[in-house]
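What follows is a set of notes on a single structure, which appears directly below.
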Amino acid sequence: MASYHSIILGLTALIFFATLHSVNCLHCWDCNSAYDPRCGDPFDNHSIAMVDCSQMSYPHLSVKEATLCRKTTQSVNGNVRVVRSCGWLNSSNEDDGKSCFKRSGSQDVFLTHCTCSGDGCNGSPSLMPTALLTIPVLLTVIFYPFSVLFHGLC
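FYI, in this note's numbering the residues of the sequence shown are 670 to 823.
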């Protein structure tokens, strides 16, 4: 009985520490559908890794730390390209965490540019894999005492 509790406690601690993220760095998807079709819409993020935006630097920018994630969808003569990346300069005055604007130009050129402020927010809306790992452990911790109680009745 005690060894089972130790295993549950160890798994809970492991999951907890595995799901911790540093509060000082932003992680965004970084890809271009022109080179990797999985980057397009719908977004297939199962084999594309997020990048730590604090590890990227652009000396010509006055802002040194990335503050947002970006997703740009551009269509030129019907050819659509999606670019996802870290962002340093906010192109919007809105503070709601996510904002988009659209532009169009001559020669059948269209652009949708979105910014957001959260880890992985420039991808598709889905549960993060770390959250999916946490669910079975929490269910085990919650329901284990009941299984012991009912097992003792038999």
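Note that the Cβ used here is the ideal one computed from N, Cα and C, for glycine as well.
Inset, instruction - Give the straight-line distance between the Cα atoms of Ser830 and Phe770, rounded to the nearest whole angstrom. - result: An answer regarding residue 830 cannot be provided, because it is not within the stretch 670 to 823 covered by the chain.
Inset, instruction - Take Leu737 as the anchor and find which of Ala718, Ser768, Tyr704 has the nearest alpha-carbon. - result: The residue you call residue 737 lines up with position 68 of the sequence shown. For Leu737, the closest of Ala718, Ser768, Tyr704 by C-alpha to C-alpha distance is Ser768.
Legend entry - Beta-carbon spacing of Ser726, Cys694 below 8 Å: Here residue 726 refers to the residue found at position 57 when the sequence shown is read from its first residue. Here residue 694 refers to the residue found at position 25 when the sequence shown is read from its first residue. Not in contact: Ser726 and Cys694 (Cβ atoms no closer than 8 Å).
Legend entry - Stretch-stretch touch, CB-based, cutoff 8 Å, three pairs: the segment 749–756 with the segment 695–711: The segment 749–756, when compared against the segment 695–711, does touch it at the 8 Å Cβ threshold.
Legend entry - Cβ distance (whole Å) where Gly789 is taken to contact Cys697 below 8 Å: Locating residue 789 in the sequence shown gives position 120, where the first residue counts as 1. Locating residue 697 in the sequence shown gives position 28, where the first residue counts as 1. That pair is a contact at about 7 Å.
Inset, instruction - Would you identify the three-state DSSP class for Ser795, choosing helix, strand or coil? - result: One-based indexing of the sequence shown puts residue 795 at position 126. Any answer about Ser795 is weak, because its pLDDT of 40 lies below 50 and its placement is not dependable; what the coordinates show is given next. Coil, per DSSP.
Inset, instruction - Report all residues from its chain with a CB closer than 7 Å to the CB of Asp699; omit the five preceding and five following residues, and keep chain order. - result: Position 30 of the sequence shown, counted from the first residue, corresponds to residue 699. So the qualifying residues of the chain are Val720, Arg753, Ser754, Cys755.
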